[in-house]
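J.: Residue numbers (numbering that gives the first Met the number 0), protein chains in the order written: chain A, 0 to 299; chain B, 0 to 556.
Sharing a structure with you now.
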Amino acid sequence: MVAVIETVGLTKFYGDAPGIIDLDLEVREGEIFGFLGPNGAGKSTTIRTLLNFLLPTRGSGTIFGLDIHRDTVAIKRRTGYLPGDLSLYDRMTAREFLLYFANLRKVDTRTHVRELADRFQLDLDRPIKNLSTGNRQKVGLVNALMHEPELLILDEPTSGLDPLMRQEFLDLLEEVREEGRTVFLSSHILPEVERVADRVGIVRDQHLVTVDSVEAFKGLANATVTIRFASIPDPRSFAALESVIGVDPRNGGDTLVLTIDGTIDEVIKMAAEQEVLSISTRSGELEEVFLSYYTDADAQ
Amino acid sequence: MLSNAFTKTIRDNLRATIAWTAGAAVLSLWLASMYPYIRDSEEMKKLLEQIPPEVMAAFGMDPATFLTGAGYLSGQLYSFIGPIIMIGFAVSLGAAITATEEKNGTLDMLLSAPISRTHVVLSRFAAVALLAAFVPAAMAVVLLVGNGPFGLRLSVQGILAVNVGLWLLGMVYASIAAATGSLTGQPGTARGVALSAAVLAWFVSVFAPFFGWLDLPSKGSPFTWYIDENPMLELWSTGLGWLVISSGALGAAAVWLFARRDIATELSVFPETRLTPRRSRHVLPRSVWLLGSVAGKTVWDRRRTIFMWAAGIASPLLITFSAWPALSANAAAMAAMIGAMPSEIFAVFGMTDPEALATPAGFISSRAYVNIGPLIMIIFCVGGVSTLVAKEEQAGTLDMLLSNPMHRRSVLGAKVATLGGLAVLIAAFLTAVAFVGNEIWDTELEPMHIIGANVGLMLLGVFFGGMSLALWSFLGSGGAAVGITSAVAVGTYFLNGLATIVDPIAPLRILSPFFWYLGDTAPLAKGPQPAYLLLLLGGVAGSAIAAWRFNTRDLAV
Numbered sequence: 000m001v002a003v004i005e006t007v008g009l010t011k012f013y014g015d016a017p018g019i020i021d022l023d024l025e026v027r028e029g030e031i032f033g034f035l036g037p038n039g040a041g042k043s044t045t046i047r048t049l050l051n052f053l054l055p056t057r058g059s060g061t062i063f064g065l066d067i068h069r070d071t072v073a074i075k076r077r078t079g080y081l082p083g084d085l086s087l088y089d090r091m092t093a094r095e096f097l098l099y100f101a102n103l104r105k106v107d108t109r110t111h112v113r114e115l116a117d118r119f120q121l122d123l124d125r126p127i128k129n130l131s132t133g134n135r136q137k138v139g140l141v142n143a144l145m146h147e148p149e150l151l152i153l154d155e156p157t158s159g160l161d162p163l164m165r166q167e168f169l170d171l172l173e174e175v176r177e178e179g180r181t182v183f184l185s186s187h188i189l190p191e192v193e194r195v196a197d198r199v200g201i202v203r204d205q206h207l208v209t210v211d212s213v214e215a216f217k218g219l220a221n222a223t224v225t226i227r228f229a230s231i232p233d234p235r236s237f238a239a240l241e242s243v244i245g246v247d248p249r250n251g252g253d254t255l256v257l258t259i260d261g262t263i264d265e266v267i268k269m270a271a272e273q274e275v276l277s278i279s280t281r282s283g284e285l286e287e288v289f290l291s292y293y294t295d296a297d298a299q
Numbered sequence: 000m001l002s003n004a005f006t007k008t009i010r011d012n013l014r015a016t017i018a019w020t021a022g023a024a025v026l027s028l029w030l031a032s033m034y035p036y037i038r039d040s041e042e043m044k045k046l047l048e049q050i051p052p053e054v055m056a057a058f059g060m061d062p063a064t065f066l067t068g069a070g071y072l073s074g075q076l077y078s079f080i081g082p083i084i085m086i087g088f089a090v091s092l093g094a095a096i097t098a099t100e101e102k103n104g105t106l107d108m109l110l111s112a113p114i115s116r117t118h119v120v121l122s123r124f125a126a127v128a129l130l131a132a133f134v135p136a137a138m139a140v141v142l143l144v145g146n147g148p149f150g151l152r153l154s155v156q157g158i159l160a161v162n163v164g165l166w167l168l169g170m171v172y173a174s175i176a177a178a179t180g181s182l183t184g185q186p187g188t189a190r191g192v193a194l195s196a197a198v199l200a201w202f203v204s205v206f207a208p209f210f211g212w213l214d215l216p217s218k219g220s221p222f223t224w225y226i227d228e229n230p231m232l233e234l235w236s237t238g239l240g241w242l243v244i245s246s247g248a249l250g251a252a253a254v255w256l257f258a259r260r261d262i263a264t265e266l267s268v269f270p271e272t273r274l275t276p277r278r279s280r281h282v283l284p285r286s287v288w289l290l291g292s293v294a295g296k297t298v299w300d301r302r303r304t305i306f307m308w309a310a311g312i313a314s315p316l317l318i319t320f321s322a323w324p325a326l327s328a329n330a331a332a333m334a335a336m337i338g339a340m341p342s343e344i345f346a347v348f349g350m351t352d353p354e355a356l357a358t359p360a361g362f363i364s365s366r367a368y369v370n371i372g373p374l375i376m377i378i379f380c381v382g383g384v385s386t387l388v389a390k391e392e393q394a395g396t397l398d399m400l401l402s403n404p405m406h407r408r409s410v411l412g413a414k415v416a417t418l419g420g421l422a423v424l425i426a427a428f429l430t431a432v433a434f435v436g437n438e439i440w441d442t443e444l445e446p447m448h449i450i451g452a453n454v455g456l457m458l459l460g461v462f463f464g465g466m467s468l469a470l471w472s473f474l475g476s477g478g479a480a481v482g483i484t485s486a487v488a489v490g491t492y493f494l495n496g497l498a499t500i501v502d503p504i505a506p507l508r509i510l511s512p513f514f515w516y517l518g519d520t521a522p523l524a525k526g527p528q529p530a531y532l533l534l535l536l537g538g539v540a541g542s543a544i545a546a547w548r549f550n551t552r553d554l555a556v
């Protein structure tokens with residue numbers, strides 16, 4: 000796998016205040032890389048440093064093997080960017096805005112703009128200042144996508160979009176991946192990342208905490224089984240089972256919420272020894288893993 | 000400070016108020032401290048004897064009062080620069096009463112609180128009145144304290160009267176800005192309308208003596224109410240009453256208009272015209288060819304206002320040309336200009352060549368190329384740097400722009416070069432207007448002199464534009480860059496004038512860009528000067544520093 004984005008010890012300080020510290024990141028060609036973290040963790044600082052809007056305090060980075068500072072123009076020729084805090088020229092219409100940016104790229108994007116605008120149901124002929132937040136976001140998305148870049152760097156791309164448009168956009172990202180292009184997706188909307196991302200990096204307190212595939216993260220999540228008994232069971236007998244890592248008696252003790260790591264088989268067999276009124280299971284979700292990373296840096 | 004709309008407005012504007020107030024106080028102190036030198040200047044006395052009285056009169060200098068503290072300060076401080084500072088500050092406050100927040104989108108939030116619109120406008124209006132009073136109050140304090148030490152011999156009543164007048168003058172234009180903002184919700188429109196009204200009123204008042212038909216309009220000009228009877232000598236005049244009535248009426252209009260309008264919607268002002276789209280779908284306006292490059296986009300941004308700038312700078316010139324026959328023919332009309340004109344021109348033109356004052360070159364230069372011309376040209380260049388370059392960083396569009404495959408320095412270079420090109424266009428237009436005026440009113444100016452004056456004027460703007468660009472590149476704030484540049488411009492303007500009279504500062508005169516531009520000869524009485532190269536070099540150096548700095552710093556942090 001070829002690395003499209005690669006940083007080594009990339010660090011940015013604003014005076015004394017840290018933005019991102021010692022970032023070692025690798026985003027591979029053709030993948031959708033989810034960049035996750037709570038507000039203020041350093042996601043936007045990373046992106047703005049990658050795009051040379053901020054100069055690294057130390058460390059270095061390359062995109063397409065080109066230096067992020069020295070070769071920024073060559074990088075931008077092949078990159079589409081959507082800022083997290085989107086600002087547009089209010090007095091232009093969307094069509095004028097997109098035409099201007101296509102001209103600056105010296106490419107004819109009219110066909111793609113039309114297709115994308117149809118797909119996102121964006122009215123190109125209204126002044127941008129009169130557009131709603133979601134529609135402004137669509138203008139930013141069309142701008143990032145219209146020249147079919149090899150790399151998309153998207154900072155919170157779906158904010159302001161309605162659920163239908165969000166689906167449409169995620170479908171589009173998957174198409175982008177199918178074409179072998181790369182997506183660097185900063186987000187804090189977990190179901191969205193879970194759906195499209197191949198790999199995920201988590202930043203917290205200005206540090207990259209971990210990077211892994213979405214599947215691996217899901218594997219980390221523990222399933223829970225909630226069993227309601229006709230009579231009060233002995234929680235200790237369940238806690239003794241090898242696959243049970245947590246027992247939480249509820250409802251006066253007739254209900255047990257069991258956290259499972261491994262197979263559910265022995266739990267079911269032990270429960271069957273008594274009269275069971277109801278049983279429900281819930282598989283592990285990415286959200287729990289992420290929350291554990293967000294709140295406790297030492298988790299996992 | 001956040002307990003209500005009144006105190007919140009004060010808090011929001013505290014920094015700007017301190018800056019404007021400090022600027023006005025420092026300027027007042029400086030001008031007042033120069034007075035003893037002016038009064039005791041042998042050269043000045045000799046000159047006063049030398050100049051024909053009617054010429055003195057035509058330039059707003061009464062030999063009887065010119066050398067008194069009241070006459071000196073009326074002419075230097077209270078007839079031109081003082082009103083500019085006061086009105087500039089007041090208009091920005093007035094536009095912020097509702098329009099600035101409406102454009103920023105925070106007005107919805109504010110009005111979601113359980114307070115009425117009328118309450119919002121009234122509390123802010125009161126806060127604006129209080130804040131605007133700081134500028135004349137500081138000037139009054141400076142004069143009260145300096146009265147004895149500088150031997151100004153002003154009456155306390157006179158000091159109070161002139162500063163109350165100045166404050167009320169500012170409030171009239173703050174109210175115009177507020178009312179326009181209430182009606183349109185556009186802070187830019189509010190400022191533009193209020194400032195245009197001020198420039199118009201100033202012209203009506205100053206030129207009424209030359210044109211009979213301006214007599215009646217001039218009676219309705221706030222400038223006439225403010226300055227017609229020298230408030231430093233005449234104390235309380237009925238004009239002040241008119242200022243109170245008109246600002247009150249306009250303030251009421253602001254309340255009334257704001258309470259009856261849809262807020263922050265494209266359909267707010269003229270619903271019937273805006274409901275139908277202005278153009279059919281998929282059709283781009285003709286100006287779209289400008290969107291091919293950063294340079295083109297810079298022109299696109301100015302494609303409408305450039306004509307206003309050109310008209311704004313050309314009309315004073317034409318009016319001045321047209322006034323020349325009346326001036327040369329009618330000594331009585333000349334005498335009537337007393338008190339209406341800034342007299343720093345005296346220092347600039349009078350010292351080495353008093354006779355020049357009575358020539359077309361001296362007179363037209365004094366009106367169009369010494370104060371109002373440089374003022375508009377400098378605002379165009381410095382303001383252009385602020386709105387076309389610095390504002391992108393503040394508004395956040397710079398990230399988007401630079402996500403395109405372009406070097407930072409080429410983006411900045413394109414914008415600055417285009418701005419310079421627009422300044423050249425304005426100067427070329429102004430030159431053409433001057434040639435036409437020269438023909439029509441037989442002022443017999445040399446063609447090379449006309450060209451020289453306009454080249455100098457343009458380069459003066461380029462110099463200060465370059466300065467504000469360099470400042471912005473370090474400070475990252477367009478507002479701070481404009482503020483510092485304006486202060487330097489005003490300071491060096493007075494330095495150039497006063498250094499001719501005041502010996503201790505005489506050696507500093509060569510540091511003033513206004514000296515490079517004006518020298519000892521009226522701009523229209525000389526061709527292009529070698530010193531103009533200094534202005535050009537300054538502008539280029541400022542841009543180069545900005546390009547270097549802009550290329551090597553974090554953006555929008």
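Ideal placement from N, C-alpha and C gives every residue a C-beta, glycine not left out.
#1: Hey, how far is the Cα of A:S86 from the Cα of A:D154?
#2: For the structure I just gave you, are there three or more beta carbon pairs, one from the stretch 291-311 of chain B and one from the stretch 95-106 of chain A, closer than 8 Å?
#3: Could you tell me whether any Cβ in chain B is nearer than 8 Å to the Cβ of A:S291?
#4: Let me check understanding here. Comparing Cα to Cα, which of A:Y293, A:V195, A:Y80, A:D260 lies closest to A:L140?
#5: Using the C-alpha atoms, what's the distance from A:R90 back to A:L97?
#6: List the endpoints of the continuous beta strand (DSSP E) containing A:G18.
#7: Nearest CA to the CA of A:T44: which residue from A:F34, A:I19, A:L163, A:G36?
#8: Check each residue of the stretch 392-403 of chain B: if its Cβ is closer than 7 Å to any Cβ of chain A, include it; give the result in chain order.
#9: Mind listing, in chain order, the continuous alpha helix (DSSP H) runs of no fewer than 4 residues lying wholly within the stretch 30-95 of chain A?
#10: For a contact meaning CB atoms closer than 8 Å, what does B:D553 contact in chain A?
#11: Anything in the stretch 145-178 of chain B with a Cβ closer than 7 Å to a Cβ of chain A? List those residues in chain order, please.
#12: Determine the direct distance from the alpha carbon of A:P156 to that of A:L184, and round the result to whole angstroms.
#13: Taking the continuous beta strand (DSSP E) assigned at A:R198, which residues delimit it?
#14: Against chain A, which members of the stretch 371-389 of chain B pass a CB distance test of less than 7 Å?
#15: Decide if B:D300 is buried, meaning its Cβ has at least 16 other Cβ atoms within 10 Å, or exposed.
#16: Show which residues of chain B have a CB atom less than 7 Å away from the CB atom of A:E95.
#17: Between A:N250 and chain B, is there a C-beta pair that is closer than 8 Å?
#18: For A:H206, name the three-state secondary structure that DSSP assigns.
#19: For B:Y172, which residues from the same chain have a beta carbon less than 8 Å from its beta carbon, with the 5 sequence-adjacent residues on both sides left out?
#20: When you compare each of A:E167, A:L53, A:N134, A:G261 to A:T223 by their alpha carbons, which one comes out closest?
#21: With a threshold of 8 Å on Cβ separation, who are the neighbours of B:S286 within its own chain once the five nearest residues in sequence on each side are excluded?
#22: Roughly how many angstroms separate the alpha carbons of A:G147 and A:A116, rounded to a whole number?
#23: Along the chain, where does the alpha helix (DSSP H) that runs through A:L255 open and close?
#24: For B:T319, does the three-state DSSP call read helix, strand or coil?
#25: Give the secondary structure of B:G518 by DSSP, where H, G and I count as helix, E and B as strand, and everything else as coil.
#26: Along chain B, in chain order, which residues have C-beta atoms closer than 9 Å to that of A:L49?
#27: Is any beta-carbon of chain B found at less than 8 Å from that of A:D260?
#28: Roughly how many angstroms separate the alpha carbons of A:T209 and A:A220, rounded to a whole number?
#29: Going by C-alpha to C-alpha distance, which of B:I114, B:M33, B:R152 sits closest to B:N75?
#30: For A:P82, return the contacting residues in chain B, with the cut-off set at a CB-CB distance below 7 Å.
#31: Between B:G477 and the rest of its own chain, which residues show a CB-CB distance below 7 Å, the 5 nearest in sequence each way excluded?
#32: Going by DSSP, what residues sit across from B:G247 in a beta bridge?
#33: Less than 8 Å between the beta carbons of A:T254 and A:I226, yes or no?
#34: Which residues bound the alpha helix (DSSP H) around B:K102?
#35: At a Cβ cut of 7 Å, what residues of the stretch 94-126 of chain A count as close to chain B, listed as they run along the chain?
#36: Does any CB atom of chain A fall closer than 8 Å to the CB of B:V298?
T.: With the structure as the only source:
#1: On the first sequence, position 87 is the one that residue 86 of chain A refers to. On the first sequence, position 155 is the one that residue 154 of chain A refers to. Cα to Cα, the separation comes out at about 13 Å.
#2: yes
#3: Your numbering for residue 291 of chain A matches position 292 in the first sequence. No, A:S291 lies away from the interface with chain B (no Cβ there is under 8 Å from its Cβ).
#4: Numbered from 1 along the first sequence, position 141 holds the residue referred to as residue 140 of chain A. The shortest C-alpha separation from A:L140 is found at A:Y80.
#5: Along the first sequence, one-based indexing puts residue 97 of chain A at 98. Along the first sequence, one-based indexing puts residue 90 of chain A at 91. Each residue's alpha carbon lies about 13 Å from the other.
#6: Here residue 18 of chain A is taken as the residue at index 19 of the first sequence, counted from 1. Note, A:G18: beta strand (DSSP E), 16-27.
#7: Residue 44 of chain A sits at position 45 when you count from the first residue of the first sequence. A:T44 has its Cα closest to that of A:I19, out of A:F34, A:I19, A:L163, A:G36.
#8: A394, G395, T396, D398, M399, L401, S402, N403
#9: 42-49, 71-76
#10: The sequence position of residue 553 of chain B within the second sequence is 554, counting from 1. Chain A residues near B:D553: Y13, F52, L53, L54.
#11: none
#12: Indexing the first sequence from 1 puts residue 184 of chain A at position 185. Indexing the first sequence from 1 puts residue 156 of chain A at position 157. Taking the straight line from one Cα to the other gives about 8 Å.
#13: Reading the first sequence from its first residue, position 199 is the one you call residue 198 of chain A. Run containing A:R198: 198-203, per the beta strand (DSSP E) assignment.
#14: none
#15: In the second sequence, counting from the first residue as 1, residue 300 of chain B sits at position 301. Buried, by the Cβ-count rule.
#16: To locate residue 95 of chain A, count along the first sequence from 1; it is residue 96. Per Cβ cutoff of 7 Å: L283, V287, L290.
#17: As a position in the first sequence, residue 250 of chain A is number 251, starting the count at 1. Answer no: the Cβ-Cβ gap between A:N250 and chain B never drops below 8 Å.
#18: Here residue 206 of chain A is taken as the residue at index 207 of the first sequence, counted from 1. Three-state DSSP puts A:H206 in a strand.
#19: Your numbering for residue 172 of chain B matches position 173 in the second sequence. Hits under 8 Å: I86, A89, V90, G93, A193, L194, A196, A197, P221.
#20: For the purposes of this step, residue 223 of chain A is taken as the residue at position 224 of the first sequence. Checked all of A:E167, A:L53, A:N134, A:G261; the closest Cα to A:T223 is A:G261.
#21: Here residue 286 of chain B is taken as the residue at index 287 of the second sequence, counted from 1. If we look at B:S286 and ignore the five residues flanking it on each side, its Cβ neighbours are W299, R302.
#22: Counted from its first residue, the first sequence places residue 147 of chain A at position 148. Counted from its first residue, the first sequence places residue 116 of chain A at position 117. Correcting the residue type first, residue 147 of chain A is Glu in the shown sequence and not Gly. Their Cα atoms are separated by approximately 14 Å.
#23: Your numbering for residue 255 of chain A matches position 256 in the first sequence. Not the alpha helix (DSSP H): A:L255 falls in the beta strand (DSSP E), residues 254-259.
#24: For the purposes of this step, residue 319 of chain B is taken as residue 320 along the second sequence, with counting starting at 1. The answer is helix: DSSP assigns B:T319 an H, G or I state.
#25: What you label residue 518 of chain B is simply residue 519 of the second sequence in a count that begins at 1. Three-state DSSP puts B:G518 in coil, outside helix and strand.
#26: In the first sequence, the residue the question calls residue 49 of chain A occupies position 50. Under the 9 Å cutoff, chain B gives no residues; its nearest Cβ is about 11 Å from A:L49.
#27: In the first sequence, the residue the question calls residue 260 of chain A occupies position 261. Chain B contact via Cβ: absent.
#28: Counted from its first residue, the first sequence places residue 209 of chain A at position 210. Counted from its first residue, the first sequence places residue 220 of chain A at position 221. Roughly 15 Å between the two C-alpha positions.
#29: For the purposes of this step, residue 75 of chain B is taken as residue 76 along the second sequence, with counting starting at 1. Here residue 75 of chain B turns out to be Gln, not Asn, going by the sequence shown. Here the closest residue by C-alpha is B:M33.
#30: As a working mapping, residue 82 of chain A is identified with position 83 in the first sequence. By Cβ distance, chain B contributes D398, M399.
#31: Counted from its first residue, the second sequence places residue 477 of chain B at position 478. Cβ within range, chain order: S385, A389, K390, Q393, W471.
#32: As a position in the second sequence, residue 247 of chain B is number 248, starting the count at 1. BP columns for B:G247 are empty, so no partner.
#33: As a position in the first sequence, residue 254 of chain A is number 255, starting the count at 1. As a position in the first sequence, residue 226 of chain A is number 227, starting the count at 1. Cβ distance < 8 Å, so A:T254 and A:I226 count as in contact.
#34: Sequence index remark: in the second sequence, residue 102 of chain B carries index 103 (1-based). 98-103 is the span of the alpha helix (DSSP H), which, as asked, contains B:K102.
#35: R94, E95, L98, Y99, F100, N102, L103, R104, D124
#36: To locate residue 298 of chain B, count along the second sequence from 1; it is residue 299. So, not an interface residue.
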